[in-house]
Amino acid sequence: MARKCDVCGRGPQFGAKVSHSGQHTRTLRLPNLHRVHAVFNGRRQWIRVCTRCVKAGKVQKA
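Residues in the sequence shown are numbered consecutively from 15, following my numbering.
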């Protein structure tokens, strides 16, 4: 299953943790996705939506 928001398209972000000594460790930040029953493309269906879209009202819950 994709780790992407169906509304805004937010996905994983890649980066590095940098310790005090300057050592870099690769890291992965995932969006906070929730499965929501919503009206999407004129139909009532389950979609994966990030909490930012839910709070902003971009999703009409069904």
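Each residue gets a CB set at the ideal place from its N, CA and C atoms; glycine is no exception. A quick note: this is a predicted structure, and the numbers were derived from the prediction, not measured.
Nonlocal neighbours in the same chain, by C-beta distance under 8 Å from residue i, ignoring five residues either side
| i | result |
| --- | --- |
| aspartate 20 | Phe54, Ile61, Arg62, Val63 |
Contacts around residue i, its chain only, beta-carbon distance under 6 Å, and the 5 residues preceding and following it disregarded
| i | result |
| --- | --- |
| cysteine 22 | Cys67 |
| arginine 24 | Pro45, Cys64 |
| proline 13 | Here the chain comprises residues numbered 15 to 76, so residue 13 is not present and cannot be evaluated. |
| threonine 39 | Lys31 |
| lysine 72 | Val21 |
DSSP-derived helix/strand/coil call for residue i
| i | result |
| --- | --- |
| arginine 62 | strand |
| alanine 70 | helix |
| histidine 51 | strand |
9 Å Cβ cutoff met for residue i and residue j
| i | j | result |
| --- | --- | --- |
| alanine 52 | lysine 69 | no |
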